Amino acid sequence: MASTETALKEAMMIEGALGAALVDYTSGLALGVAGGGPELDLQTAAAGNTDVVRAKMRTMEMLGLGGAIEDILITLTAQYHIIRPLTSRTGAGLFLYLALDRQRANLAMARRRLLMIEQQLEV
Numbered sequence: 000m001a002s003t004e005t006a007l008k009e010a011m012m013i014e015g016a017l018g019a020a021l022v023d024y025t026s027g028l029a030l031g032v033a034g035g036g037p038e039l040d041l042q043t044a045a046a047g048n049t050d051v052v053r054a055k056m057r058t059m060e061m062l063g064l065g066g067a068i069e070d071i072l073i074t075l076t077a078q079y080h081i082i083r084p085l086t087s088r089t090g091a092g093l094f095l096y097l098a099l100d101r102q103r104a105n106l107a108m109a110r111r112r113l114l115m116i117e118q119q120l121e122v
């Protein structure tokens, strides 16, 4: 099992990683961050992506869709942003956020690696 710090360090080792965060979507606060910088404020990204997760969950509820969100992908001109709600009992209300440089990242490999990191994360 990996700690938050270890999980975020592993996320930053994904090819093309620009920043990663573990976020509480009930409050919008980042519980941990790695990477980022002036061009990627992870605290702001955490708060903004909280709105995305809440909106998608509300929409699923209104539509009566079963199941859970595996991940949410936001594709920008130069970046990929992956939001992965945690599925473990202890991870309820949390999501992993990963921003990738689109030129350097392999999206399929990044999604697979983020799944593996989630499975090892102990919160």
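Its first residue numbered 0, the sequence shown is counted upward by one per residue in numbering that gives the first Met the number 0.
Quick reminder that beta carbons are idealized off the backbone N, C-alpha and C, glycines included.
The structure presented is a predicted model; accordingly, all values stated were derived computationally and were not measured.
DSSP three-state assignment for D50, whether helix, strand or coil: helix
I want to know whether the segment 42 to 51 touches the segment 26 to 33 - three or more CB-CB distances under 8 Å. yes
Three-way DSSP call (helix, strand, coil) for A6 in this model: helix
Is it true that the segment 75 to 85 meets the segment 58 to 66, where meeting means three or more beta-carbon pairs spaced less than 8 Å apart? Taking a cut-off of 8 Å on C-beta distances, the segment 75 to 85 does not touch the segment 58 to 66, as fewer than three cross pairs fall below it.
Is it buried or exposed, E9, if we count other Cβ atoms within 10 angstroms and call 16 or more buried? buried
Count the other CB atoms within 10 Å of the CB of N48; is the residue buried (16 or more) or exposed (fewer)? buried
Decide if G18 is buried, meaning its Cβ has at least 16 other Cβ atoms within 10 Å, or exposed. buried
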